[in-house]
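What follows is one structure encoded as structure tokens, with my remarks underneath.
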Amino acid sequence: MIRILIVTAVVIAVLFALLFCIYFFNLDMKFIVNVVAPLFEKHYDNRKNDQYV
Amino acid sequence: MDVMKNEKIRKGDASLGVLYDSGKVRRRREWRGFKDTLYDFGQWLKLWGIMINVSLGRGFFKGLFRYRWMVNYLAVPHMIDKFTIGQRDEALRITHTAIGYVVKDVALTIKRCLRADSRSGNDVKFSDRCVLVDENAMTSFLMGFPDLIALQREVPTMFSANLINQDSAVHYIDVAQTFGIPGDVCPMPETEAGISIEDDFVVAGKCAVQVNTTCDGSMMGNGIIAKRLEKQYHIPTFQMAAPLRHRSEDVQTYAAEEIKAAIAFIEEHTGARWNWDAYFAAAKRVNNTTRNRLEWLDINSTPYPQFVGAVFSLYNDTNYMGNCGRSPEFPLIDEKIMKLVRRGYEKKSMLCREYRHRCLVWGVQPQYVIDMLYWMMECWGVVPLTDMLSMVIEREIAEEDTPENREQAYYDMAYLSENMIMRNHTHGGYEVLVDQLWEYCEKMNADMVMMWEHISCKALTAMHGQFEEQARARGIRLVWVSHDLCDPRIYSRQAIRDQFNRYMRTVMREEPVDPSLEVLPDDEAW
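Going line by line, the protein sequences match chains A and B. Numbering-wise, our numbering comes out as the position in the first sequence, counting from 1, plus 1072. Numbering-wise, our numbering comes out as the position in the second sequence, counting from 1, plus 1.
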């Protein structure tokens, strides 16, 4: 029982540390604007839309 | 005014310029001391929870690949970082509570848009319950239709996308100009026209209602959008024209007739019937919103303002226009904010390190796109007490269901519509644009006015001389700051800030409170 509690506490602590690092160093936003968004922009640029007035 | 210094020592980062580099987002998040950083971290987790929830909605991934504007939403936390700069204690919590609910509301709109969209979710039954409504419309004419959904598809497509990424409109502006629309019209309706030309709006709804708010540029955009809606997608579109001289008594009957005609149009096309119980329940909530907003403004008139900045304006915008009393959730959020505002006031909490000037923000504002109002506080100690877009509904509407009030209700809905965000001051003559500004300055004890001069807005340009003359006569410091709303290629962020910096140094002869913020390398940032 104690072992389960210790393992759970360690997992939570590691997860917390990991998420906090992502949060504090703004890694989520850096990844999205520098990696994800350019890929999508390429995709959008290659699409042909039905332009019409 | 006398300088007020914050006795409470600010925990965490002292010079906020360290957060900026020449990248697209902040170098890192702000250290606000243990307690407030942990709170901000918790809000960040909550935000990702909302975003993941949206991504589980019907049609999300199809929509993400289909619509260019969708990718901006992956960077919502960046927008929150812009609006919370330098904040601690109650101020941080007020901003998070308000903007958190705005994000939730926009997330719901995205979810609904994609679910109803014939290209993504294609839920036809759901789409038939939707009425397309302009982004700039007060949705009062839907207050008595509890089963219908006001789908403001321009909100996620244009408006809130631009809060997240300052470049989100550029592609669509270029598309519109390729088709011959001149470059000197307001880039906001021009973007909307460009989105329609590019066929990048969701296709949904049983019918649509367009309004003549907020300006001539908006009407130009509506024409292009309505043509595509009706001719290509066979969505009937009603044009609701609110009177321009909205303070005159002799236009009110016409305004009420317009509301009646819009309601009849919706009934005809959706088969739904107007429900007076739902209307009066919504009217009670609208009045609750008005009372709360007026109390927040009262507190902002004291030496200890609490709820200010772009988020104050955005929250009012969402609460009045998009919601207009229809959601029972807003009063609960209002209540939470009110508790924090009162607590902050009782504790005499200050929003930044020192207060040097009490400022009213007037004119057509781009402050959503940049963090200008928070920057003014942090860099120069100038407190933005309120702004033009937040000075909307001033009286309560009839909320008891009686035969007389049922007739009065049409006038009340017209009143809400005529006094929607921005429109009530940009239309109606100099009394509402110029005279009222000085009344608010007196009431809120402001010694400074920051005048946003939107160079593509024809509505306000004619009044430039009157503002200057009258401010001089009243001894009010008037700072003109030019911009071109959502086109950052005309005025970059630093070009906007430089105008304010120049005024503070040359006219006021002051030094910045935080010199690290005077020049920032964020022109390329989202």
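Think of the CB as a built atom: it goes at the ideal place given N, C-alpha and C, for glycine as much as any other residue.
Nearest candidate by alpha-carbon position, reference B/Gln-467, set B/Gly-345, B/Asn-288, B/Phe-61 and B/Tyr-431: B/Tyr-431
B/Tyr-356, DSSP secondary structure in three states: strand
Of the residues B/Glu-379, B/Glu-347 and B/Gly-364, the one placed nearest B/Arg-354, counting alpha carbons only: B/Glu-379
Assigned exposure category for B/Val-312 - 16 Cβ within 10 Å defines buried: buried
Residue nearest to B/Val-72 in terms of C-alpha spacing, selected from A/Asn-1098, A/Val-1107 and A/Arg-1075: A/Val-1107
Chain-order list of residues whose beta-carbon lies under 8 Å from that of B/Trp-32 (same chain, five-residue window excluded): Gly-13, Asp-14 and Thr-38
Contact the stretch 433 to 451 of chain B vs the stretch 387 to 399 of chain B: 3+ CB pairs below 8 Å: yes
7 Å Cβ cutoff, A/Asn-1121 in contact with chain B: yes
7 Å Cβ cutoff, A/Val-1082 in contact with chain B: no
Proximity to B/Val-252 [Cα-Cα], best of B/Ala-415, B/Arg-30 and B/Ala-194: B/Ala-415
Status (buried if at least 16 other CB within 10 Å, exposed otherwise) for B/Leu-461: buried
Amino acids of chain B, ordered along the chain, whose beta-carbon sits closer than 9 Å to that of A/Asn-1106: Gly-24, Lys-25 and Val-26
Contact check, B/Ala-177 vs B/Gly-195, beta carbons under 7 Å: yes
B/Gln-167 versus B/Ser-493 - alpha carbon distance: 10 Å
B/Phe-239 - partner residues in DSSP beta bridges: B/Val-210
Identified DSSP bridge partners for B/Pro-385: B/Cys-360
Reference B/Gly-429, options B/Leu-46, B/Tyr-375, B/Asp-278 and B/Thr-214, closest by Cα: B/Thr-214
Selected residue, minimal CA-CA separation from B/Ile-100, among B/Val-26, B/Thr-85, B/Phe-239 and B/Cys-131: B/Thr-85
Proximal residues of chain B, C-beta to C-beta of A/Val-1125 below 7 Å: Phe-180, Ile-198 and Ile-225
Residue-level contact to chain B via CB, A/Met-1101, 7 Å cutoff: yes
Interfacial residues, the stretch 201 to 221 of chain B to chain A, with Cβ spacing under 8 Å: Asp-201
Inter-stretch contact (C-beta, 8 Å, three-pair minimum) for the stretch 112 to 128 of chain B and the stretch 48 to 62 of chain B: yes
Straight-line Cα distance separating B/Glu-296 from B/Met-339: 9 Å
Residues of the stretch 461 to 483 of chain B whose Cβ lies closer than 8 Å to any Cβ of chain A, in chain order: none
Where the beta strand (DSSP E) through B/Met-449 begins and ends: 449 to 455
Assumed close pair B/Arg-69, B/Asp-201 - CB separation to whole angstroms, cut-off 8 Å: 6 Å
Short CB-CB distance (under 7 Å) between B/Val-72 and chain A: yes
Contacts around B/Met-464, its chain only, beta-carbon distance under 8 Å, and the 5 residues preceding and following it disregarded: Tyr-431, Leu-434 and Val-435
Spatial neighbours of B/Ile-182 in its chain, beta-carbon cut-off 7 Å, leaving aside the 5 residues before and after: Glu-191 and Ala-194
Span separating the alpha-carbon of B/Val-203 from that of B/Trp-49: 24 Å
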